[in-house]
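Protein chains: 6
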Amino acid sequence: MPDRLTHLDAQGTARMVDVGAKPVTERRAVAEAVVRMLPETAGAVAAGDAPKGDVLGTARIAGIQAAKRTDELIPLCHPIGLDLLDLDAVVDAEAGTVTLTATAAVTARTGVEMEAMTAAAVAALTVYDMVKGLERGVSIEAVRLLEKSGGRSGIWRR
Amino acid sequence: MPDRLTHLDAQGTARMVDVGAKPVTERRAVAEAVVRMLPETAGAVAAGDAPKGDVLGTARIAGIQAAKRTDELIPLCHPIGLDLLDLDAVVDAEAGTVTLTATAAVTARTGVEMEAMTAAAVAALTVYDMVKGLERGVSIEAVRLLEKSGGRSGIWRR
Amino acid sequence: MPDRLTHLDAQGTARMVDVGAKPVTERRAVAEAVVRMLPETAGAVAAGDAPKGDVLGTARIAGIQAAKRTDELIPLCHPIGLDLLDLDAVVDAEAGTVTLTATAAVTARTGVEMEAMTAAAVAALTVYDMVKGLERGVSIEAVRLLEKSGGRSGIWRR
Amino acid sequence: MPDRLTHLDAQGTARMVDVGAKPVTERRAVAEAVVRMLPETAGAVAAGDAPKGDVLGTARIAGIQAAKRTDELIPLCHPIGLDLLDLDAVVDAEAGTVTLTATAAVTARTGVEMEAMTAAAVAALTVYDMVKGLERGVSIEAVRLLEKSGGRSGIWRR
Amino acid sequence: MPDRLTHLDAQGTARMVDVGAKPVTERRAVAEAVVRMLPETAGAVAAGDAPKGDVLGTARIAGIQAAKRTDELIPLCHPIGLDLLDLDAVVDAEAGTVTLTATAAVTARTGVEMEAMTAAAVAALTVYDMVKGLERGVSIEAVRLLEKSGGRSGIWRR
Amino acid sequence: MPDRLTHLDAQGTARMVDVGAKPVTERRAVAEAVVRMLPETAGAVAAGDAPKGDVLGTARIAGIQAAKRTDELIPLCHPIGLDLLDLDAVVDAEAGTVTLTATAAVTARTGVEMEAMTAAAVAALTVYDMVKGLERGVSIEAVRLLEKSGGRSGIWRR
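These protein sequence lines map, in sequence, to chains A, B, C, D, E and F.
All the letters of the first sequence, read from the start, carry residue numbers 1 to 158 under UniProt numbering.
All the letters of the second sequence, read from the start, carry residue numbers 1 to 158 under UniProt numbering.
All the letters of the third sequence, read from the start, carry residue numbers 1 to 158 under UniProt numbering.
All the letters of the fourth sequence, read from the start, carry residue numbers 1 to 158 under UniProt numbering.
All the letters of the fifth sequence, read from the start, carry residue numbers 1 to 158 under UniProt numbering.
All the letters of the sixth sequence, read from the start, carry residue numbers 1 to 158 under UniProt numbering.
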């Protein structure tokens with residue numbers, strides 16, 4: 001690992017990393033976000049989801065859309081395409097959780113770690129938005145990378 | 001509290017809540033996000049921050065910018081103005097945390113809870129992006145509302 | 001009706017209309033778009049919609065999101081808020097149509113006619129995108145205003 | 001043709017198609033939108049267009065700009081570049097129509113059909129916006145693909 | 001005039017100014033940008049403008065569109081509506097200049113100075129983009145406020 | 001140099017240049033913008049910058065973010081990626097200037113001249129926004145290309 005923040009140059013000012021010399025390779029990343037709520041709230045999401053799938057369906061679309069705008073949200077991210085952005089949403093009504101898992105893939109000079117993280121986070125914010133009328137105090141309790149591959153550093157798994 | 005999800009109509013399809021009949025009042029919300037990392041990584045943020053303030057400075061700007069685009073990110077949020085978006089960033093190097101606290105205020109028909117949550121979350125993603133080259137496995141461990149006021153339901157504090 | 005295009009000034013150059021002197025009133029508009037396809041394709045939308053509601057659900061979210069960005073898409077539209085954007089999606093499998101009906105409302109100096117039209121059009125494009133793999137030659141056969149109220153000119157119905 | 005909607009996975013949830021394994025080829029698509037109005041309105045567009053070209057000129061720019069944001073508008077579209085977006089606008093004053101024809105081209109893993117459709121549709125909405133002060137009840141009566149080439153399925157013409 | 005930068009708080013970190021307590025008033029600002037080029041290039045713009053008005057027409061639309069996104073571009077600007085954004089484009093072929101003058105107006109808690117400046121600057125960048133194929137070394141030689149009114153500080157003129 | 005504007009077609013209407021047949025090469029461009037103010041204002045920027053770096057830090061982030069959206073701002077620009085966007089900000093307190101220098105690089109079919117120009121211009125607008133509370137009449141006195149390389153026409157330097 002480098003011994004200083006790669007986004008800071010010698011003088012400490014923020015900068016984009018120059019990826020021009022990096023090879024174009026297939027890159028993939030998986031991230032998850034967990035929204036914690038009361039079991040009855042999670043039950044309402046699961047049941048409300050039964051007829052029309054809208055809480056989870058809306059969160060999935062929001063996450064996919066956010067992934068495509070990662071470079072507009074995260075200042076030092078490069079604009080890159082996306083070959084795939086998959087967003088999986090699972091309710092565990094008993095545990096009181098909704099888990100959003102985002103998989104991003106691209107063939108490019110830089111990775112899609114931030115795209116997966118952003119998709120999971122915005123999908124979780126959307127779930128929060130849609131249940132906040134039912135329960136105060138819901139929280140997003142984790143947004144984290146699960147797996148990353150492609151590029152120089154090989155495969156990483158949490 | 002209502003007994004069903006306010007964003008779902010009678011048939012269960014997603015919808016925006018009609019705020020046309022709500023009064024225009026001052027509304028305020030405070031949310032925080034915590035990014036957990038190794039103490040040495042947090043120390044690098046604090047030190048890298050010393051000369052030019054760029055990790056925290058970049059995260060603050062990213063959070064402010066994201067708050068202004070909340071309605072583009074969260075599908076059922078209303079487009080509203082913002083009177084204020086304040087973003088506070090604090091490093092606790094010993095504990096290995098960076099805490100981002102967002103305060104949003106507006107004079108409108110609907111609240112700024114999602115604006116504060118979105119600002120805190122995107123600022124946290126930006127911190128993550130800027131330290132991920134130093135440490136794998138950093139995670140955002142909480143995004144949650146701390147306080148909310150204005151509107152029909154008065155003041156709420158976690 | 002005025003005898004020249006209100007968006008062109010005396011010299012014929014495009015311009016935004018100055019709405020500063022207009023009163024703030026409640027304004028509402030309803031628009032629809034019809035996507036025509038083979039009955040079997042419409043049947044697949046209806047059936048595919050049964051378990052998870054995703055074609056229509058995705059189109060609804062896309063239309064709502066587009067309405068909020070109308071002023072970014074249509075050059076001479078004013079940036080305004082939205083009190084409500086409702087998007088109704090109905091499949092007539094026998095007739096081979098999916099009809100998207102958008103209702104927009106705002107309390108502002110100018111109307112939401114373009115917001116309703118844009119929402120219906122983008123929802124229709126989304127339906128098209130999701131069925132084009134099943135059938136070539138699907139077309140959007142109408143995007144039109146159904147109703148408009150508020151402002152100086154009272155209520156208009158097609 | 002596949003026997004189910006390619007945007008729905010086995011469980012029926014909306015997803016982006018993974019294009020990572022597709023070859024990079026030249027792809028092109030042509031779409032048109034027709035705006036129907038009274039002959040006198042179309043005549044005003046043609047005449048208003050004579051000195052400064054602004055109705056059609058504004059619509060062309062709006063369509064080009066919208067094409068570049070197709071992936072932000074249509075949830076399951078991939079972000080891709082564009083080698084070309086050409087927008088042709090023709091008034092037939094006698095028939096009372098303005099026809100917008102968009103040609104999109106790219107060298108990529110996936111096509112530009114939605115870019116051409118989106119450009120034509122948004123250009124048509126812009127024409128509508130600019131004549132709605134002259135005539136109520138103008139409608140966009142068709143948005144459809146005319147031609148598509150590149151990729152696995154060869155050339156298609158309506 | 002205040003004796004410190006109003007966008008920096010006591011600790012020197014960037015912040016949005018809280019405008020919640022400011023009165024809603026009519027505010028207006030006028031800004032201009034001048035693009036300097038060879039007389040023959042300016043002549044081409046003027047002539048190219050004759051048949052279809054496209055260089056200046058395109059620049060006008062670009063400026064209007066940019067004004068509506070000022071808060072997305074300038075980090076500490078508030079999101080506000082716009083009652084009017086007028087963009088005037090004048091070629092002085094002899095002097096070798098294209099002058100873009102933007103007038104912005106709004107009824108709000110904060111002013112539209114940055115909207116006018118942003119519109120003029122982006123219109124000038126668009127002119128530059130459209131003539132750079134004819135002449136290298138064209139430059140934007142001024143972007144400045146001409147006039148500002150509304151709010152606490154009354155009318156200001158350069 | 002061509003003898004007519006490359007963005008206008010035979011009929012004089014605005015169009016994107018078709019870059020499909022151009023080779024993918026490394027392209028780089030450097031542009032600068034100069035903001036002129038009183039020496040005491042520039043001194044405040046430099047000093048205000050000392051503890052937290054916020055005026056210049058905010059301007060840098062704004063410029064980087066704007067570069068990524070160049071194709072959304074400048075109508076006839078192609079959407080392209082960016083390998084690098086570097087933004088250097090220097091205060092000359094004695095001379096009363098803040099100079100923003102943007103370097104853009106990409107490996108693509110078309111260049112990044114407009115990305116560098118847009119980054120410098122928006123960074124300058126951000127500096128203006130942050131000092132306008134201290135001094136009226138600050139102006140951006142130049143936005144110009146310094147250097148360009150890659151593509152058919154080789155290296156150009158002002």
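The beta carbon of each residue, even a glycine, is placed where N, CA and C say it ideally should be.
None of the values given here were measured: they were computed from a predicted structure.
Check: Quick one: what's got a C-beta closer than 7 Å to proline 79 of chain D's C-beta in the same chain, skipping five residues either side?; Outcome: Asp71
Check: On a Cα-Cα basis, can you pick out the residue from E/Thr58, E/Leu76 and E/Ala31 that is closest to tryptophan 156 of chain E?; Outcome: E/Ala31
Check: When you compare each of C/Leu84, C/Ala124 and C/Val24 to threonine 110 of chain C by their alpha carbons, which one comes out closest?; Outcome: C/Val24
Check: Taking only runs of the beta strand (DSSP E) that begin and end inside the stretch 33 to 95 of chain B, which ones reach a length of at least 3 residues, in chain order?; Outcome: 84 to 92
Check: Candidates F/Val19, F/Gly81, F/Thr97 and F/Arg15: which alpha carbon is nearest glutamate 40 of chain F's?; Outcome: F/Thr97
Check: Could you work out which residue in B/Cys77, B/Ala89, B/Val143 and B/Val106 is closest to valine 17 of chain E when comparing CA atoms only?; Outcome: B/Val106
Check: From B/Thr13, B/Ala29, B/His7 and B/Ala14, pick the residue whose C-alpha is nearest to that of glycine 151 of chain B; which is it?; Outcome: B/Ala29
Check: Can you tell me the Cα-Cα spacing of arginine 158 of chain B and arginine 136 of chain A, whole angstroms?; Outcome: 9 Å
Check: Select from D/Glu94, D/Gly81, D/Thr58 and D/Leu76 the residue whose C-alpha is nearest the C-alpha of alanine 120 of chain D.; Outcome: D/Thr58
Check: If contact means a Cβ-Cβ distance below 9 Å, which residues of the stretch 114 to 143 of chain D contact chain C?; Outcome: Met114, Met117, Thr118, Ala121, Val122, Ala124, Leu125, Thr126, Tyr128, Asp129, Met130, Val131, Lys132, Gly133, Leu134, Glu135, Arg136, Gly137, Val138, Ser139, Ile140, Glu141, Ala142 and Val143
Check: Exposed or buried, which one is aspartate 92 of chain C when buried takes at least 16 other CB atoms within 10 Å?; Outcome: exposed
Check: Beta-carbon of aspartate 86 of chain D versus every beta-carbon of chain E: anything under 8 Å?; Outcome: no
Check: Can you give me the C-alpha to C-alpha distance between lysine 148 of chain D and arginine 36 of chain F, rounded to a whole angstrom?; Outcome: 52 Å
Check: Buried or exposed, going by whether 16 or more other CB atoms sit within 10 Å of the CB of threonine 103 of chain A?; Outcome: buried
Check: Pick helix, strand or coil for residue 159 of chain E, following the three-state DSSP scheme.; Outcome: The structure shown does not extend to residue 159 of chain E, since chain E is modelled only from 1 to 158, so the question has no answer here.
Check: When DSSP builds the beta bridges, which residues end up paired with glutamate 141 of chain F?; Outcome: Beta-bridge pairing links glutamate 141 of chain F to no other residue.
Check: How many whole angstroms separate the CB atoms of valine 122 of chain E and alanine 62 of chain E, which I take to be in contact at a CB cut-off of 8 Å?; Outcome: 5 Å
Check: Can you tell me the Cα-Cα spacing of residue 177 of chain B and glutamate 115 of chain B, whole angstroms?; Outcome: Nothing about residue 177 of chain B can be read from this structure; chain B reaches only from 1 to 158.
Check: Output yes if chain A places a C-beta closer than 8 Å to the C-beta of threonine 99 of chain B; else output no.; Outcome: no
Check: State the beta-bridge partners of alanine 108 of chain F as determined by DSSP.; Outcome: F/Thr25
Check: Would valine 34 of chain A and glutamate 141 of chain A be called neighbours here (beta carbons separated by less than 8 Å)?; Outcome: yes
Check: Is residue 177 of chain C helix, strand or coil by DSSP?; Outcome: Chain C is shown only over 1 to 158; residue 177 of chain C falls outside these bounds and no answer can be derived.
Check: Relative to the C-alpha of methionine 66 of chain C, which residue among B/Gln65, B/Pro75, B/Ala67 and B/Ala66 is closest?; Outcome: Inspection of the sequence shows that residue 66 of chain C is occupied by alanine rather than by methionine. Closest option to alanine 66 of chain C, Cα to Cα, is B/Pro75.
Check: Starting from the C-beta of leucine 38 of chain E, find all residues in its chain whose C-beta is less than 7 Å away, skip the five residues before and the five after it, and write them out in chain order.; Outcome: Gly96 and Glu135
Check: DSSP state of valine 17 of chain F, grouped into three classes?; Outcome: coil
Check: Would you kindly check if the distance between the Cβ of alanine 108 of chain E and the Cβ of arginine 15 of chain E is under 8 Å?; Outcome: no
Check: Between the C-alpha atoms of serine 139 of chain C and alanine 89 of chain C, what's the straight-line distance to the nearest angstrom?; Outcome: 16 Å
Check: Under a CB-based cut-off of 8 Å, is threonine 110 of chain F close to chain B?; Outcome: no
Check: Would glycine 154 of chain C be called buried (16 or more neighbouring beta carbons within 10 Å of its own) or exposed?; Outcome: exposed
Check: Is the beta carbon of isoleucine 64 of chain C closer than 8 Å to that of leucine 85 of chain C?; Outcome: yes
Check: Against chain F, which members of the stretch 53 to 82 of chain A pass a CB distance test of less than 8 Å?; Outcome: Asp71, Glu72, Pro75, Leu76, His78, Pro79, Ile80 and Gly81
Check: Straight-line CA distance for tyrosine 128 of chain B to methionine 117 of chain D?; Outcome: 38 Å
Check: Going by CA-CA distance only, name the one from A/Leu125, A/Arg144, A/Gly133 and A/Gly81 that's closest to glycine 20 of chain D.; Outcome: A/Gly81
Check: To the nearest angstrom, how far is it from the Cα of leucine 73 of chain D to the Cα of alanine 44 of chain F?; Outcome: 43 Å
Check: Could you tell me whether the Cβ atoms of arginine 144 of chain D and threonine 13 of chain F are closer together than 8 Å?; Outcome: no
Check: What does arginine 157 of chain C pair with, by DSSP beta-bridge criteria?; Outcome: C/Glu147
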